[in-house]
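Just so we're aligned, residue 0 is where the sequence shown starts under numbering that gives the first Met the number 0, counting upward by one.
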Amino acid sequence: MNTIDNNNNLFKKRYHWIKFIAKVILILVAIFAIIFFSVFIYKKYSKSRITIKTIQKDWESFDYLSVYEHGKQFLQNDAFNNTALTYYGYSCFFLSQSQNDTSQAQTYLDECINNLRIALYSANSNLLPQLQYMLGIAYFYKNTISTHYYSDLAIKYLTLAKQNGYQSDDISEYLGLSYASLGLTVESISSFTEALLIRESDSLLLSIAKQYYILKEYSVAKQYLYRIINNSLNDEMIIQSENVLGSILIDEEDYNGAFEEFNKALQKNSNSADAHYGIGIVYEKQGNLIKARSEWRQVLKIQVNHAGALKKLSDK
């Protein structure tokens, strides 16, 4: 009987030990499973989670669309993060420049402006001038594709950037073009001249010439136009310069000289609307309205919204 009892006790002890070990194993397996799945979920979350580093990496790869998309997601959870606002605003600007659809470009520029204006409020002193510069050129391009009501804001922010020490070769040229858009000719010439000291280009020389033409300082305007005509390798710039020179010669009543300049432009591009328009003005000045109107009709075949030709044909 004692032997049976001893065997029963031994069996019970072994059973309890086996049960205990099984519980320990189950607990360890459960702990391991929890750890494994926690690590798995964390890694998966980390991969899908958008951080500032994610956006910076996109920026360094010049992947502006990813900067835009990731920045937008990040800002949904942290709407006033200055770094995200800045990257997002910058990506909007660069995306706007690559659009063929002006309405889409306008949308990107609006997003750029809205986010950079918010970023201004919390920007540190080192970043502030750069934000002002980007806002200035965003308003400049918004002005060029909209109804031209933003040049004053372009001037405001570009001037602030300049005053706060931001340096960029194109600030003065952007300012000159913005002043010209507002009809502030003297200020425009001042900015263009400053830009010319930094970098000379055909477009800059032509812009200065046009402003001097508006001021009726014809001799100065001619100097800039001749620099383009005699030195440029860009036919389009030469054609535009010859057309402006032709207009100056009309004002000076040198109709033969004007006719010659417009014809030079047409030899390079027979579809130059401004050249045909100028020849029409020459004919008008010489009293030949039949030929003048013929030229202006030709202008509208090339450029249906040419303001000068539309006005001339409606007046006569």
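Ideal Cβ positions, reconstructed from N, Cα and C, are used throughout, including at glycine.
Predicted model only: the values in this text are computed from it and were never measured.
Cα-Cα separation between residue i and residue j, rounded to whole angstroms
{"i": "Met236", "j": "Leu203", "result": "10 Å"}
{"i": "Ile30", "j": "Cys111", "result": "49 Å"}
{"i": "Ser189", "j": "Lys209", "result": "13 Å"}
{"i": "Pro128", "j": "Lys155", "result": "12 Å"}
{"i": "Tyr212", "j": "Ala220", "result": "6 Å"}
{"i": "Glu252", "j": "Ser150", "result": "35 Å"}
{"i": "Gln239", "j": "Asn268", "result": "11 Å"}
{"i": "Ser167", "j": "Tyr223", "result": "24 Å"}
{"i": "Phe39", "j": "Ala83", "result": "Interpretation of Phe39 is limited by its pLDDT of 48, a score under 50 that renders its predicted location unreliable; no figure is taken from the coordinates."}
{"i": "Gln302", "j": "Ala272", "result": "6 Å"}
{"i": "Leu288", "j": "Asp314", "result": "12 Å"}
{"i": "Lys43", "j": "Ile49", "result": "Residue placement at Lys43 cannot be trusted, given a pLDDT of 48 that sits under 50; what the coordinates show is reported in the next sentence. So the two alpha carbons sit approximately 12 Å from each other."}
{"i": "Ser45", "j": "Lys52", "result": "Only weak support exists for where Ser45 lies, its pLDDT of 44 falling under 50; the value from the coordinates is given anyway. When rounded, the distance between both Cα atoms is 12 Å."}
{"i": "Tyr41", "j": "Trp58", "result": "Below a pLDDT of 50, predicted positions are generally treated as unreliable, and Tyr41, at 47, falls in that range; the measurement from the model is reported next regardless. Cα to Cα, Tyr41 sits roughly 25 Å from Trp58."}
{"i": "Ile197", "j": "Leu205", "result": "16 Å"}
{"i": "Ile378", "j": "Thr106", "result": "An answer regarding residue 378 cannot be provided, because it is not within the stretch 0 to 315 covered by the chain."}
{"i": "Gln285", "j": "Asp250", "result": "13 Å"}
{"i": "Lys290", "j": "Leu244", "result": "21 Å"}
{"i": "Leu183", "j": "Lys161", "result": "19 Å"}
{"i": "Asp169", "j": "Gln72", "result": "33 Å"}
{"i": "Arg292", "j": "Gly175", "result": "35 Å"}
{"i": "Leu159", "j": "Lys141", "result": "18 Å"}
{"i": "Ser187", "j": "Tyr132", "result": "18 Å"}
{"i": "Leu126", "j": "Arg226", "result": "39 Å"}
{"i": "Ser231", "j": "Ala78", "result": "49 Å"}
{"i": "Thr146", "j": "Tyr254", "result": "35 Å"}
{"i": "Ile207", "j": "Phe61", "result": "34 Å"}
{"i": "Asn242", "j": "Gln98", "result": "30 Å"}
{"i": "Ala179", "j": "Thr192", "result": "13 Å"}
{"i": "His305", "j": "Val298", "result": "7 Å"}
{"i": "Tyr86", "j": "Ser177", "result": "26 Å"}
{"i": "His275", "j": "Ala308", "result": "10 Å"}
{"i": "Ile228", "j": "Lys56", "result": "46 Å"}
{"i": "Phe261", "j": "Asp234", "result": "14 Å"}
{"i": "Leu119", "j": "Leu130", "result": "7 Å"}
{"i": "Ser65", "j": "Ile136", "result": "22 Å"}
{"i": "Leu326", "j": "Phe92", "result": "The chain is shown only over 0 to 315; residue 326 falls outside these bounds and no answer can be derived."}
{"i": "Ser246", "j": "Val185", "result": "20 Å"}
{"i": "Tyr282", "j": "Leu157", "result": "44 Å"}
{"i": "Lys310", "j": "Ile278", "result": "16 Å"}
{"i": "Asn76", "j": "Gln96", "result": "28 Å"}
{"i": "Asp100", "j": "Lys300", "result": "24 Å"}
{"i": "Glu294", "j": "Phe258", "result": "13 Å"}
{"i": "Leu312", "j": "Asn270", "result": "19 Å"}
{"i": "Ser200", "j": "Arg296", "result": "34 Å"}
Whole-Å CB distance - residue i paired with residue j, under 8 Å assumed
{"i": "Ala194", "j": "Glu216", "result": "Wrong, their Cβ atoms sit about 18 Å apart, outside the cutoff."}
{"i": "Arg116", "j": "Leu134", "result": "7 Å"}
{"i": "Ile144", "j": "Ala104", "result": "6 Å"}
{"i": "Tyr138", "j": "Ala153", "result": "4 Å"}
{"i": "Ser121", "j": "Asn81", "result": "5 Å"}
{"i": "Gly256", "j": "Leu248", "result": "4 Å"}
{"i": "Ser102", "j": "Tyr67", "result": "That belief does not hold up - the Cβ atoms of Ser102 and Tyr67 are roughly 17 Å apart, past 8 Å."}
For residue i, the first and last residue of its enclosing alpha helix (DSSP H)
{"i": "Phe81", "result": "Position check: residue 81 holds Asn in this sequence, whereas Phe was assumed. Asn81 -> alpha helix (DSSP H) spans Asn81 to Gln96."}
{"i": "Ser271", "result": "Note, Ser271: premise wrong, no alpha helix (DSSP H); not H, not E."}
{"i": "Phe61", "result": "Neither: Phe61 is in no alpha helix (DSSP H) and is coded neither H nor E."}
{"i": "Gln210", "result": "Asp201 to Ile213"}
{"i": "Leu126", "result": "Here Leu126 belongs to no alpha helix (DSSP H), and DSSP marks it neither H nor E."}
{"i": "Glu186", "result": "Thr184 to Ile197"}
{"i": "Glu294", "result": "Leu288 to Ile301"}
{"i": "Tyr148", "result": "Note, Tyr148: premise wrong, no alpha helix (DSSP H); not H, not E."}
{"i": "Gln285", "result": "First-last for Gln285: undefined, no H or E at that position."}
{"i": "Gly164", "result": "Unbroken run through Gly164: none, as it is neither H nor E."}
{"i": "Leu119", "result": "Thr101 to Ser121"}
{"i": "Leu181", "result": "Here Leu181 belongs to no alpha helix (DSSP H), and DSSP marks it neither H nor E."}
{"i": "Ala306", "result": "Ala306 to Asp314"}
Contact with chain B by residue i, beta-carbon distance below 8 Å
{"i": "Thr192", "result": "As a matter of chain content, chain B is missing from the structure shown, which is built from one protein chain."}
*With a floor of 3 residues, list each beta strand (DSSP E) that falls wholly inside the region 220 to 276, ordered by position along the chain.*
Runs of the beta strand (DSSP E) lying entirely within the region 220 to 276, each at least 3 residues long, are absent.
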